[in-house]
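Chemist: Here it is, the structure in full.
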Amino acid sequence: MERKDPSVLSSVSMRSDQSAGHPMNFKDRPDSSGTRKDPSVLTSVSKESYPSMGYPLNIKDEVNQEVLKMLDGPSAHQKPTELDLVFKILEENIVSFVKNELKKFLTVLHPGHTTYSGSQRNDEDVSQEAEETQRMSSKEAFLNITLNFLRMMKQEQLADLLYSKTIAPLCISKLKCDLKKKFQCVFEGIAKAGNPTLLNQIYTELYITEGGTGEVNNEHEVRLIETASRKPHRPETTIRQEDIFKLPPGRHEPIRTVLTKGVAGIGKTVLTQKFTLDWAEDRTNQDIHFLFPFTFRELNVLKEKKFSLVELVHHFFTETKEAEIHRFDKFHAVFIFDGLDESRLPLDFQRNQVLTDTTESTSVDVLLTNLIRGNLLPSAQLWITTRPAAANQIPAECVGMVTEVRGFNDPQKEEYFRKRFRDNNQVKKIISNIKTSRSLHIMCHIPVFCWITATVLDHVLKTREGGELPNTLTEMYIHFLLVQTKVKKFKYDGRFETDPHWSPGTRKMIESLGKLAFKQLQKGNLIFYESDLRECDIDIRAASVYSGVFTQIFKEERGMYQDKVFCFVHLSVQEFLAALHVHLIFITSGDNPMDEALKTSKMSKARKAVSPVTKFYQSAIDVALQSANGHLDLFLRFLLGLSLEANQTYLLGLLTQTTSSSTTSQEIVDYIKKKIEKNLSSEKCINLFHCLNELNDRSLVEDIQKSLRSGSLSTDKLSPAQWSALIFILLSSEKYLEVFDLKKYSASEEALMRLLPVIKVANKALLSGCNLSKRSCEVLASILSSQSSTLKELDLSNNNLEDSGVKELCSGLQSPCCTLESLRLSGCLITEKGCASLASALNANPFHLKELDLSYNYPGEAGVKLLSAGSHWRLNSFRVDPSGAWTLKAGLRKYTHQITLDSKTAHRNLKLSANKRRVTVTAEQQPYPHNPERFDYWHQLLCTDGLTGRHSWEVKYEGMVCIGVTYRGISRKEDSYSCLVGGNNQSWSLYCSGKTFFAFHNNKKQTIPPPSSTSNRVGVYLDWPSGTLSFYIVSSDASAHLHTFNTTFTEPIYPAFRVGLQDSLSGSSVSLLPHS
1 MERKDPSVLS SVSMRSDQSA GHPMNFKDRP DSSGTRKDPS VLTSVSKESY PSMGYPLNIK
61 DEVNQEVLKM LDGPSAHQKP TELDLVFKIL EENIVSFVKN ELKKFLTVLH PGHTTYSGSQ
121 RNDEDVSQEA EETQRMSSKE AFLNITLNFL RMMKQEQLAD LLYSKTIAPL CISKLKCDLK
181 KKFQCVFEGI AKAGNPTLLN QIYTELYITE GGTGEVNNEH EVRLIETASR KPHRPETTIR
241 QEDIFKLPPG RHEPIRTVLT KGVAGIGKTV LTQKFTLDWA EDRTNQDIHF LFPFTFRELN
301 VLKEKKFSLV ELVHHFFTET KEAEIHRFDK FHAVFIFDGL DESRLPLDFQ RNQVLTDTTE
361 STSVDVLLTN LIRGNLLPSA QLWITTRPAA ANQIPAECVG MVTEVRGFND PQKEEYFRKR
421 FRDNNQVKKI ISNIKTSRSL HIMCHIPVFC WITATVLDHV LKTREGGELP NTLTEMYIHF
481 LLVQTKVKKF KYDGRFETDP HWSPGTRKMI ESLGKLAFKQ LQKGNLIFYE SDLRECDIDI
541 RAASVYSGVF TQIFKEERGM YQDKVFCFVH LSVQEFLAAL HVHLIFITSG DNPMDEALKT
601 SKMSKARKAV SPVTKFYQSA IDVALQSANG HLDLFLRFLL GLSLEANQTY LLGLLTQTTS
661 SSTTSQEIVD YIKKKIEKNL SSEKCINLFH CLNELNDRSL VEDIQKSLRS GSLSTDKLSP
721 AQWSALIFIL LSSEKYLEVF DLKKYSASEE ALMRLLPVIK VANKALLSGC NLSKRSCEVL
781 ASILSSQSST LKELDLSNNN LEDSGVKELC SGLQSPCCTL ESLRLSGCLI TEKGCASLAS
841 ALNANPFHLK ELDLSYNYPG EAGVKLLSAG SHWRLNSFRV DPSGAWTLKA GLRKYTHQIT
901 LDSKTAHRNL KLSANKRRVT VTAEQQPYPH NPERFDYWHQ LLCTDGLTGR HSWEVKYEGM
961 VCIGVTYRGI SRKEDSYSCL VGGNNQSWSL YCSGKTFFAF HNNKKQTIPP PSSTSNRVGV
1021 YLDWPSGTLS FYIVSSDASA HLHTFNTTFT EPIYPAFRVG LQDSLSGSSV SLLPHS
């Protein structure tokens, strides 16, 4: 290893050294005022105090002057006595200093050793006189002398030990000092303008959640933001930034590499800066010796250069070079690589050469792939941050843990705006406005977008007295652009309110930035270098001007050792300017900048003759829909939003004319609706609904919302577009995502397939009794194994899944990405074979499932033993009873209960027959004896047995009837609704008359869409423990769900019937049937 000249060693802090003596000051140097001292003035302290203390040379002024005259005069050689005195004191002073330093070195090498004697000193007095820089310099020089002497004495091992225990702490101290200066200040959304803010003052704890180990999502980030916004706000286990390398529960092997994902603007860079600052300020992670924060922006500039790993560290962190540290394997070192998505290095993990020598020079690309793989410096830990789309550049086997930075939840969004605006009325208006616009509400998941929104709304509230606030993304970004150009107009151009808003210089800037935004959006670039600017005919000097003027739109950055780097403040700003560029080019020249994309896209062939303007927007829709990952989703929203005349009016001056008309807008809306009718993915449909919102058309969504509110939604009659609208509504509502009940829409496998996007992001999915099969288990398994799934509870009870279906389901259950906590498979025809599949899945993924319900199946003793004897998992709840061979009956037949009508409760106009299994309303009163339990006014009766547990029965009806259940204590003697089955909180019923059905409880009716079947047979299923009561229309070959009540039963309930209307005493009847 090469050693540096001992006379040259960096100055680093020796704050911890309180025992060393202070060297004599030989040099004449500037004092604190910056002027050079007179060489005749030496420090004065008592000479008598010196010999025992080892202090620097200090002579009284009289002696001082005499000595200097003697040294300067021609007779200096004639008076050796005074000179001898000076050198004698010098010698003693140096000896004292050396002894103190050697004592310190011995203590470093052998803590607790006390046999070495040397002079002592009082630092409290001397520290005020000595200057820190000179003291450090002298100590470091002597340390190098000592090391050289040890090596001359052939004590290499001792020299290396002393070196590592003395030089490294000095270097670490200097590194911390420099990193503290670099990261203690930040700017919120602004490149260079304004006053810097201390990071520790504004840092808000970001949510970091563990995100599995394998899956990479290549979707456009606006889709990821949508997904994140739908996650239910329940308590989650989060990771604090200082614990990023801490082992999570259940993990035993140390984590070498953490990959943290998050969309642009979510706070990944600030997170790494806070981690670094806390380490530099000795707050956290002091077990780390060296922390090296890199950014891929800086590394990109070194793409063509060669370094060894040691040289790369020395290049960025010169403290390590000055300290001659070459062996980082002797220390706990952490490397941070921020912004993998901005990397322009190939990172070819397959073809790059294997490198294990940290001193061998190669390309930066090869260095990084070998460092990440662990070939170089395997003892180091790595933290890599990235946007989701770039995460797949790192092989899964190289990543120990994947984490995700979550954005603001709803309370945090509100907290942000309350901090930004002091006026409570303004805050309420802003929050209300954001909540009414789904697009704005979703985007406020990102902290940077909250800042953009606050910037715009602050301006609008001051300039629009009582006016409406922006409620679409396009309008919000137009106002953001207007605010920034207004700042330029007053602050930089020195213009006045009466001057035109759009000066020629401003227009040129916007046009240039728009061209750059569009070109780089097509390439997928967020970061731009000088070569990228030249492609768009932007001079580097002009770019610097743009970044200085539009500081909140376009920013310039400069790393420690790199050329200038430019970027937009957020991806959405780039996409807005790109859309504005395409719009400007089209309306000024008629050219379409998307022509190249149009050549490769699959255009709609059947397109009627439309105007060139309409054709332009239709072609943009086609191109955006061809994108597999939705990278043009937000761009399309902005482009269509710019088609509205109201939005174009805001930009008059930048735009020379408007091109919109009501006809054009309606043609675009119709075209989008036709696209929604087609079999598109849910993500593409959702974006098209957002596009309709930008065009102020909400008709599709409002129609479905109206049906949902009235309870008249019939999925049997929904068109593909209406299905898409339903999905959009469900995904936009937290109440539907907390508990998703498929039976509310359609208890069928077809409905399940259509509503899979909703199930994927739900917290709890109730799919019991929905006629699901093995096919459903296959798709549910794919959801369970998806890293983005939030499903915690899954109820599949009473579906004929059988063992084959359970096996398919277990392929998802065993995935490391599956975090399901509760699984109900009650009454699913499962035997020992299905239990074996479940046991295998739990062995593979034992960490999450805590509740398993296998009641009403036939697992046998062997199956129960398989699931009870797991050594790796622990079920808090495992239900198997009741069980037996009798449960292997398909559907609800296994729960059949023979019910009998109770004549003691029957109204006198009800006639019982067929051995009390048929009741008919009649004008002739029956000779029933008086009974306090008899209904006196309503034509009703109960059955004899109170039920708990699970039971099912089937009836056939004629005319008008109500089929229901009630507690025993229902009133019998009044003509009020309190005595009517369903008219109170003690009873539940289904009204049936021809094709008219409605659910009735607590005197509230809910209309049920008429089923496609015309059968007059109704099946009833009671799950008393679960609090569900379901009704089905039964035909010869199938059953269709009508309605399910969800409640909590507190006592046994009795089957009950109402037969006929009060003024119609014929034609209505109920017959109890054997279960089909």
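Letter by letter, the sequence shown follows residues 1 to 1076 in full-length UniProt numbering.
Backbone N, C-alpha and C define an ideal beta-carbon position, used for all residues, glycine too.
Treat the numbers as computed from the prediction; the structure is a model and nothing was measured.
(1) When you compare the CB positions of Trp383 and Val334, do they come within less than 8 angstroms of one another, or not?
(2) By Cβ distance below 6 angstroms, which residues in the same chain neighbour Leu632 in space, the five residues on each side in sequence not counted?
(3) Can you check which of these residues, Thr474, Asn471, Glu475, Thr506, is closest to Thr485 by C-alpha distance?
(4) Excluding sequence positions up to five away, which residues of its chain have a Cβ less than 8 angstroms from the Cβ of Thr436?
(5) Does the separation of the CB atoms of Pro720 and Glu749 fall below 8 angstroms?
(6) Opposite Phe638 in the DSSP bridges: which residues?
(7) So, at 6 angstroms on beta carbons, what are the nonlocal neighbours of Thr944 in its own chain, with the 5 sequence-adjacent residues on each side left out?
(8) With a 10 Å radius around its C-beta and 16 neighbouring C-beta atoms as the bar for buried, classify His252 as buried or exposed.
(9) Does Trp988 pass the burial test, meaning 16 or more other C-beta atoms within 10 Å, or should it be called exposed?
(10) Can you give me the Cβ contacts of Ser815 inside the same chain, cut-off strictly under 7 angstroms, excluding the 5 residues immediately before and after it?
(11) Just to confirm, does Lys182 get its C-beta within under 7 angstroms of one of the non-hydrogen atoms of the ligand SAM?
(12) Grab me the residues of Gly860's own chain with a C-beta within less than 6 angstroms of its C-beta, minus the 5 sequence neighbours each way, in chain order.
(13) In chain order, which continuous runs of the beta strand (DSSP E) of length 3 or greater are located wholly inside the UniProt domain "NACHT" (256 to 390)?
(14) Can you tell which of Tyr858, Asn352, Glu575, Trp451 has its C-alpha closest to the C-alpha of Lys889?
(15) Would you mind sorting Thr359 into buried or exposed? The rule is 16 or more other CB atoms within 10 Å of its CB.
(16) In this structure, does DSSP put Glu414 in helix, strand or coil?
(17) I'd like to know if the region 514 to 521 and the region 318 to 330 are in contact, where contact means that at least 3 CB-CB pairs between them fall below 8 angstroms.
(18) Helix, strand or coil for Tyr671? Go by DSSP, reduced to three states.
(19) Val1070 and Val919 - do their beta-carbons sit closer together than 8 angstroms?
(20) DSSP beta-bridge partners for residue 1081?
(21) Threshold first: 3 residues or longer. Then list the beta strand (DSSP E) segments lying entirely within the region 755 to 843, N to C.
(22) For Ile394 and Leu277, what's the separation of their Cα atoms in angstroms?
(23) Out of Arg709, Ser732, Leu700, state which residue places its alpha-carbon closest to the alpha-carbon of Leu718.
(24) Where are the beta strand (DSSP E) runs, 3 residues long or more, that stay fully inside the region 855 to 910, in chain order?
(25) Residue range of the beta strand (DSSP E) that Cys992 falls in?
(26) Should Thr356 go down as buried or exposed, given a rule of 16 or more other Cβ atoms within 10 Å for buried?
(27) Using DSSP's beta-bridge definition, name the partner residues of Leu1029.
(28) In the DSSP assignment, find the unbroken alpha helix (DSSP H) run with Phe935 in it and report its ends.
(29) Since I believe Ser768 is in contact with Arg795 (beta carbons under 8 angstroms), could you give me their beta-carbon distance rounded to a whole number of angstroms?
(30) Alpha carbon to alpha carbon, what distance is there between Tyr617 and Leu482?
(31) Give a yes or no on whether the C-beta atoms belonging to Thr1007 and Ser710 are separated by under 8 angstroms.
(32) From Pro346 to Ser361, what distance separates their C-alpha atoms?
(33) Please report the distance separating the alpha-carbon of Ile1053 from that of Pro929.
(34) Which residues share a DSSP beta bridge with Asp1063?
(35) May I ask you to verify whether the region 924 to 938 touches the region 1035 to 1047, counting CB pairs closer than 8 angstroms and requiring at least 3?
(36) Can we say the region 371 to 387 touches the region 316 to 324, given the rule of at least three CB pairs closer than 8 angstroms?
Modeler: Reading it off the structure:
(1) Numbered from its first residue, the sequence shown carries residue 383 at position 383. Numbered from its first residue, the sequence shown carries residue 334 at position 334. Yes; because the gap between Cβ atoms is below 8 angstroms, this pair is in contact.
(2) Within the sequence shown, residue 632 is the residue found at index 632, counting from 1. If we look at Leu632 and ignore the five residues flanking it on each side, its Cβ neighbours are Ala624.
(3) In the sequence shown, counting from the first residue as 1, residue 485 sits at position 485. Nearest of Thr474, Asn471, Glu475, Thr506 to Thr485, Cα basis: Thr506.
(4) Stepping through the sequence shown from its first residue, residue 436 is reached at position 436. Cβ within range, chain order: Asn471.
(5) Walking along the sequence shown from the start, residue 720 turns up at place 720. Walking along the sequence shown from the start, residue 749 turns up at place 749. No, these two residues do not count as a Cβ contact at 8 angstroms.
(6) On the sequence shown, position 638 is the one that residue 638 refers to. BP columns for Phe638 are empty, so no partner.
(7) By one-based count along the sequence shown, residue 944 stands at place 944. For Thr944, where only same-chain residues beyond five positions count, the Cβ hits under 6 angstroms are Thr900, Asp902.
(8) On the sequence shown, residue 252 is found 252 positions in, with the first residue counted as 1. Exposed, by the Cβ-count rule.
(9) Counted from its first residue, the sequence shown places residue 988 at position 988. So Trp988 ends up on the buried side.
(10) Stepping through the sequence shown from its first residue, residue 815 is reached at position 815. Contacts found: Leu784, Ser785, Asn845.
(11) The ligand SAM is not among the ligands present in this structure, which contains no ligands whatsoever.
(12) Here the question's residue 860 lines up with position 860 in the sequence shown. Glu832, listed in sequence order.
(13) 257 to 261, 290 to 295, 333 to 338, 381 to 386
(14) Counting from 1 along the sequence shown, the entry for residue 889 is found at position 889. If we check each option's Cα against that of Lys889, Tyr858 comes out closest.
(15) For the purposes of this step, residue 359 is taken as residue 359 along the sequence shown, with counting starting at 1. Counting Cβ neighbours within 10 Å, Thr359 comes out exposed, since fewer than 16 surround it.
(16) As a working mapping, residue 414 is identified with position 414 in the sequence shown. Reduced to three states, the DSSP call for Glu414 is helix.
(17) no
(18) Translated into the one-based positions of the sequence shown, residue 671 becomes position 671. If DSSP states are grouped into helix, strand and coil, Tyr671 belongs with the helices.
(19) Sequence index remark: in the sequence shown, residue 919 carries index 919 (1-based). Sequence index remark: in the sequence shown, residue 1070 carries index 1070 (1-based). Result yes, Cβ atoms of Val919 and Val1070 sit closer than 8 angstroms.
(20) With the chain represented from 1 up to 1076, any question about residue 1081 goes unanswered, as that position is not in the structure.
(21) 764 to 766, 793 to 795, 822 to 824
(22) Looking up residue 394 in the sequence shown gives position 394. Looking up residue 277 in the sequence shown gives position 277. Spanning the two alpha carbons is a distance of roughly 27 angstroms.
(23) On the sequence shown, residue 718 is found 718 positions in, with the first residue counted as 1. The residue with the shortest Cα to Cα distance from Leu718 is Leu700.
(24) The qualifying runs are 877 to 879.
(25) Start at 1 with the first residue of the sequence shown, and residue 992 comes out as number 992. Run containing Cys992: 987 to 993, per the beta strand (DSSP E) assignment.
(26) Against the sequence shown, residue 356 aligns to sequence position 356. Answer is exposed; the Cβ neighbour count stays below 16.
(27) For the purposes of this step, residue 1029 is identified with residue 1029 of the sequence shown, where counting begins at 1. Paired residue(s): Leu1022, Phe1045.
(28) Within the sequence shown, the letter at position 935 stands for residue 935. Phe935 -> no alpha helix (DSSP H), and no H or E assigned at all.
(29) Residue 795 sits at position 795 when you count from the first residue of the sequence shown. Residue 768 sits at position 768 when you count from the first residue of the sequence shown. Per the sequence shown, the amino acid found at residue 795 is Asp instead of Arg. That pair is a contact at about 5 angstroms.
(30) Indexing the sequence shown from 1 puts residue 482 at position 482. Indexing the sequence shown from 1 puts residue 617 at position 617. Near 24 angstroms, if we compare the C-alpha coordinates of Tyr617 and Leu482.
(31) Counting from one through the sequence shown, the residue named residue 1007 turns up at place 1007. Counting from one through the sequence shown, the residue named residue 710 turns up at place 710. Yes, the Cβ-Cβ distance between Thr1007 and Ser710 is below 8 angstroms.
(32) Against the sequence shown, residue 346 aligns to sequence position 346. Against the sequence shown, residue 361 aligns to sequence position 361. The alpha-carbon atoms of Pro346 and Ser361 are separated by roughly 17 angstroms.
(33) The residue labelled residue 1053 in the question sits at position 1053 within the sequence shown. The residue labelled residue 929 in the question sits at position 929 within the sequence shown. Ile1053 and Pro929: Cα-Cα distance of roughly 25 angstroms.
(34) On the sequence shown, residue 1063 is found 1063 positions in, with the first residue counted as 1. Paired residue(s): none; Asp1063 is not in a bridge.
(35) Segments in contact, no.
(36) A contact between stretches requires three or more CB pairs, one per stretch, nearer than 8 angstroms, and the region 371 to 387 fails this requirement with the region 316 to 324.
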